[in-house]
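For reference, the structure discussed in these notes is given below.
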Amino acid sequence: MYNPDCAILGGDPFSDIFRGLYDPKCFWRLTDPDYCLAVMQGAYDGGCRAFDYSFPAVQEIFLRLQDRVDEEITGYGNPTYLQGVKLDGRPLQYCRDRVLKTIVEDFFEPRLARMIKDDLRHNACMVFGYDEAAEKLGDKEIKGLYLDEAAFTKRLRELDACKYVMIGGTDADWLFSLQRPDLIQEMAALVRANGKIPLLICHYASTVLPEAERIKLDVEGYFVPINKQWSWFSKEETVEAIKVCTKPVIAFMAFASGGLKQDLPGALAYLKNEAGVSGVLYGTSKPENARKTAELIIEMYKG
Numbered sequence: 127m128y129n130p131d132c133a134i135l136g137g138d139p140f141s142d143i144f145r146g147l148y149d150p151k152c153f154w155r156l157t158d159p160d161y162c163l164a165v166m167q168g169a170y171d172g173g174c175r176a177f178d179y180s181f182p183a184v185q186e187i188f189l190r191l192q193d194r195v196d197e198e199i200t201g202y203g204n205p206t207y208l209q210g211v212k213l214d215g216r217p218l219q220y221c222r223d224r225v226l227k228t229i230v231e232d233f234f235e236p237r238l239a240r241m242i243k244d245d246l247r248h249n250a251c252m253v254f255g256y257d258e259a260a261e262k263l264g265d266k267e268i269k270g271l272y273l274d275e276a277a278f279t280k281r282l283r284e285l286d287a288c289k290y291v292m293i294g295g296t297d298a299d300w301l302f303s304l305q306r307p308d309l310i311q312e313m314a315a316l317v318r319a320n321g322k323i324p325l326l327i328c329h330y331a332s333t334v335l336p337e338a339e340r341i342k343l344d345v346e347g348y349f350v351p352i353n354k355q356w357s358w359f360s361k362e363e364t365v366e367a368i369k370v371c372t373k374p375v376i377a378f379m380a381f382a383s384g385g386l387k388q389d390l391p392g393a394l395a396y397l398k399n400e401a402g403v404s405g406v407l408y409g410t411s412k413p414e415n416a417r418k419t420a421e422l423i424i425e426m427y428k429g
């Protein structure tokens with residue numbers, strides 16, 4: 127049974143692909159592995175003992191921290207980018223315009239379709255942006271989606287210092303929406319075959335969580351974006367889904383809205399006491415913020 131870490135430091139600020147989504151004032155510092163190690167050390171000094179990473183270069187920094195400290199720390203591998211889901215030999219991530227148009231026009235209920243077309247496609251384009259002129263996927267193409275086991279296994283082996291593997295990500299959002307969660311089941315089985323523990327990470331929390339529970343997806347817990355002000359596609363529906371989950375749920379993007387960073391204790395109290403999440407995956411670009419946030423999370427969840 128998964129005993130979740132209540133505080134997990136995210137590794138995206140330390141990776142070449144995702145670094146630009148964080149504080150631009152720290153962008154160049156975050157290209158320095160020694161500085162990234164200092165941020166991890168800050169989290170460790172605040173009591174954090176769990177660290178997420180998606181790429182070997184960040185795992186190397188995690189291993190440097192492991193060598194420095196005198197107790198076990200836990201790695202959460204996140205192979206979510208180009209992890210082997212393919213359409214006709216091409217990574218599904220490269221077909222995002224076609225996938226999103228298909229989901230919005232053929233699979234989502236009208237309420238969600240309007241939300242994406244009128245709002246999210248423009249205001250959350252990193253997740254929902256797509257070209258309306260794209261050709262939709264055909265039924266044969268959807269049925270032909272597959273997991274390249276060799277590619278997925280290669281990603282797992284690149285992150286082999288981890289204990290847990292967070293499968294899915296955008297692929298989970300799309301595959302659940304396209305009614306192909308069997309490929310996520312395949313990922314979970316391969317994770318277990320490689321001696322790791324699978325967890326599901328997704329963005330479409332209010333739609334994916336209920337389906338993952340319904341099909342009894344073979345994972346030990348879930349990671350979803352939720353905070354005091356917001357979740358996709360509905361905060362209220364996400365909270366309802368969390369409260370009936372049979373497995374622990376960890377929040378990410380926990381401080382990503384409005385003025386939540388000015389009241390971290392209030393944001394954390396909501397997540398723990400009202401939403402019912404078991405912990406927080408958080409990202410930061412500064413050692414002191416890493417330490418203070420870890421301390422606040424651990425204080426909130428102690429006992």
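Take 127 as the starting number for the sequence shown in this note's numbering and just add one per residue.
All C-beta atoms in this analysis are idealised placements derived from N, C-alpha and C, irrespective of residue type, glycine included.
Nothing here was measured: the structure is a model prediction, and the numbers come from that model.
According to DSSP, residue pairing for residue 178 in a beta bridge involves 202.
With respect to the C-alpha of residue 170, the residue from 382, 238, 413, 274 having the closest C-alpha is 413. At a Cβ-Cβ threshold of 9 Å, residue 338 and residue 352 do not count as neighbours.
As for any beta strand (DSSP E) of minimum length 3 sitting wholly inside the stretch 268-349, the runs are 290-294, 323-327, ordered along the chain. The beta carbon of residue 295 sits closer than 8 Å to those of 204, 206, 207, 209, 327, 328, 329, all from its chain and outside the five residues before and after it, given in chain order.
Minimum Cα-Cα distance from residue 215 among the listed residues 175, 318, 404, 276 corresponds to 276. The Cβ-Cβ distance between residue 185 and residue 173 does not fall below 9 Å. The stretch 405-424 and the stretch 147-163 touch, with no fewer than 3 CB-CB distances between them shorter than 8 Å. Looking at the backbone, the Cα of residue 370 and that of residue 160 are separated by about 42 Å. Cα atoms of residue 316 and residue 340: separation of roughly 21 Å, rounded to the nearest angstrom. Using a C-beta cut-off of 8 Å, the stretch 135-153 makes no contact with the stretch 391-398, since fewer than three inter-stretch Cβ pairs fall below that distance. Beyond the five residues adjoining it in sequence on each side, residue 191 comes within less than 7 Å, by CB distance, of 163, 166, 167, 170, 199 in the same chain, given in chain order. Per DSSP, the unbroken alpha helix (DSSP H) holding residue 416 starts and ends at 413-427.
Contact between residue 323 and residue 179 does not hold, since the beta-carbon distance rounds to 16 Å and is not under 8 Å. In terms of Cβ geometry, residue 375 and residue 132 do not form a close pair [threshold 9 Å]. Across the structure, residue 312 and residue 287 are spaced so that their CA atoms are roughly 21 Å apart. Distance from the CA of residue 229 to the CA of residue 343, rounded to the nearest whole angstrom, comes to 21 Å.
A residue is called buried once 16 or more other Cβ atoms fall within 10 Å of its Cβ, and residue 193, having fewer, is exposed. DSSP, read as helix, strand or coil, puts residue 408 in strand. When the Cα atoms are used, residue 303 and residue 426 turn out to be separated by approximately 35 Å.
Boundaries of the beta strand (DSSP E) harbouring residue 378: 375-378, taken from the DSSP string.
A buried status is given to residue 397, since no fewer than 16 other beta-carbon atoms sit within 10 Å of its beta-carbon.
Between the alpha carbons of residue 325 and residue 244 lies a gap of roughly 32 Å.
Note that the C-beta distance between residue 350 and residue 381 is not below 9 Å. Residue 238 is positioned such that its CB atom lies no closer than 9 Å to that of residue 300. Judged by DSSP secondary structure, residue 238 falls within the alpha helix (DSSP H) whose first and last residues are 236-241. By the beta-carbon neighbour count (other beta carbons within 10 angstroms, threshold 16), residue 297 is buried.
Shortest Cα-Cα distance from residue 212 to any of 400, 289, 306, 364 involves 306. Shown here, residue 253 sits in a helix according to DSSP, grouped into three states.
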